[in-house]
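In my numbering, the protein residues as written are 136 to 311.
I have placed the structure first, in the form of C-alpha cells, so that the comments after it can refer back to it.
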Amino acid sequence: MKLKLSNIIACICEGAAEQTIIEMLLENNLLIFTKEKLLDEKIIRVRKAENFEKIYLRKGFDEKITILRIIDSRREKFKLSKAYEYKVDVINVITAPEIEMLIILNEGKYDAFKKGNTKPSIFCKETLGFSDVKSSQFLKKYFRDTSYLIKAISEYHRKAKIHKEEYTLYDLLKKN
Numbered sequence: 136m137k138l139k140l141s142n143i144i145a146c147i148c149e150g151a152a153e154q155t156i157i158e159m160l161l162e163n164n165l166l167i168f169t170k171e172k173l174l175d176e177k178i179i180r181v182r183k184a185e186n187f188e189k190i191y192l193r194k195g196f197d198e199k200i201t202i203l204r205i206i207d208s209r210r211e212k213f214k215l216s217k218a219y220e221y222k223v224d225v226i227n228v229i230t231a232p233e234i235e236m237l238i239i240l241n242e243g244k245y246d247a248f249k250k251g252n253t254k255p256s257i258f259c260k261e262t263l264g265f266s267d268v269k270s271s272q273f274l275k276k277y278f279r280d281t282s283y284l285i286k287a288i289s290e291y292h293r294k295a296k297i298h299k300e301e302y303t304l305y306d307l308l309k310k311n
C-alpha cells in the first residue's frame with residue numbers, strides 16, 4: 136500500500152524520540168519526502184487537531200496538505216473541523232507499542248522481549264541497560280550509522296501486527 140503525499144506535508148511527531156528518528160532519516164535523505172516539502176520546513180510537535188488548525192491551517196493554502204502523524208497509539212484521535220477536512224489528508228504512522236522497539240530489534244532481543252510482560256522502555260532499561268533510550272542524544276549516538284536504523288525499521292515492519300490501512304515508519308522510507 137503506497138503512500139500518496141501532497142506537495143505540502145505537516146509531519147507531527149508524538150514525542151522527542153519519534154522526532155529525532157524522523158530528523159535523522161530526513162538528514163540522510165532516506166525518506167520519500169524532503170525537508171523542503173515540510174510545512175515550515177520542520178517537524179511539528181502540536182498534537183491536538185484544534186491547535187494545529189489555529190497555528191497552521193488558518194494561513195490558507197491553495198493545495199491539499201498531507202498530515203503525517205508519527206504516533207504510538209491507535210486510539211489517539213485527530214479530528215479536524217469540517218472547514219478543513221476536505222483540504223487535508225491525515226495519515227497515521229504507527230510505532231506501537233513504542234519507538235523503543237527499534238532498539239530491541241536492533242539488539243536482537245525481540246524474542247526475549249516477547250517472552251516477558253513489560254513495556255519496551257522498561258525492557259530497554261532493565262534488560263539492555265539503556266536508561267535514556269528516549270533521549271535525542273542517545274538515539275543520535277546509538278543509530279549514528281543509519282543503516283542499523285533502516286534495518287530495525289524494516290524488521291519492525293516485518294514482525295509487527297500491522298492493521299489493514301495502517302502505515303509504519305517503513306512506509307516512509309525510500310526503497311532502493
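Note that the Cβ used here is the ideal one computed from N, Cα and C, for glycine as well.
Let me confirm a value: residue i is counted as buried when at least 16 other C-beta atoms fall within 10 Å, else exposed. Which label applies?
{"i": "A152", "result": "buried"}
{"i": "E300", "result": "exposed"}
{"i": "E261", "result": "exposed"}
{"i": "A184", "result": "buried"}
{"i": "E149", "result": "buried"}
{"i": "I190", "result": "exposed"}
Taking DSSP as the reference, what is the three-state secondary structure of residue i?
{"i": "N241", "result": "helix"}
{"i": "R293", "result": "helix"}
{"i": "T155", "result": "helix"}
{"i": "L192", "result": "helix"}
{"i": "Y221", "result": "coil"}
{"i": "L160", "result": "helix"}
{"i": "L307", "result": "helix"}
{"i": "L173", "result": "strand"}
{"i": "N186", "result": "helix"}
Under the DSSP definition of a beta bridge, which residues are partnered with residue i?
{"i": "N227", "result": "R204"}
{"i": "I179", "result": "I147"}
{"i": "Y302", "result": "V228"}
{"i": "L166", "result": "L308"}
Excluding the five sequence neighbours on either side, which residues of its own chain have a C-beta within less than 6 Å of the C-beta of residue i, listed in chain order?
{"i": "I234", "result": "A152 and E153"}
{"i": "D224", "result": "T201"}
{"i": "F265", "result": "C259"}
Between residue i and chain D, is there a C-beta pair that is closer than 9 Å?
{"i": "L240", "result": "The structure shown contains no chain D; it holds only a single protein chain."}
Leaving aside the five residues before and after residue i along the sequence, list all residues of the same chain whose C-beta is less than 8 Å from its C-beta, in chain order.
{"i": "S256", "result": "E233, E235, V268 and K269"}
{"i": "K222", "result": "L192, F196, K199 and I200"}
Inside the segment 237 to 287 only - alpha helix (DSSP H) runs reaching at least 4 residues:
245 to 250, 255 to 261 and 271 to 277
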